[in-house]
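What follows is a short report on a single structure.
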Amino acid sequence: MSDNKNNQQGQINIELDEQTAEGTYSNLAIINHSNTEFVLDFVSIMPGVPKAKVKSRIVLTPQHAKRLLRALGENIHRFEAAHGEIKEVEQPPIPLNFGPTGQA
């Protein structure tokens, strides 16, 4: 009985509903930070559309942001070991105002 109790203490039951499991597509992440948090805004920009909306926002403590960086780096390393190097293609800069610029 005590072994079962110890196993349960070290585990977290994480639930994933169907809508969340579908995920949200993003092809741009905007990252800002303050002295207490990191804010990651995930955006989906479509070609020829002058406006885009933030699809998801994640707010992290600096400690969790660093853990995320490390975990993402480890996963990219494992992916590249299995599938080859991820090639970065040069893309034109994305304007962050997403609309017409003002004129004087």
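All residue numbers for the sequence shown refer to the working numbering, where the first residue is 1 and numbers rise by one.
Virtual Cβ for every residue (Gly too), placed ideally from N, Cα, C.
Just so we're clear, the structure is a prediction, and the values are computed from it rather than from any experiment.
Which partner residues of residue i appear in the DSSP bridge assignment?
i          : result
residue 38 : 33, 60
residue 28 : 43
residue 54 : 43
Could you tell me which of the options sits nearest to residue i, measuring between CA atoms?
i          : options        : result
residue 52 : 10, 9, 29, 82  : 29
residue 54 : 66, 43, 15, 38 : 43
residue 23 : 81, 46, 12, 56 : 56
residue 63 : 9, 33, 26      : 33
residue 59 : 84, 75, 73, 40 : 40
residue 31 : 65, 46, 12, 15 : 65
Under 8 Å by Cβ, that's how I've got residue i and residue j pegged, so tell me the actual separation to the nearest angstrom.
i          : j          : result
residue 61 : residue 37 : 6 Å
residue 45 : residue 27 : 6 Å
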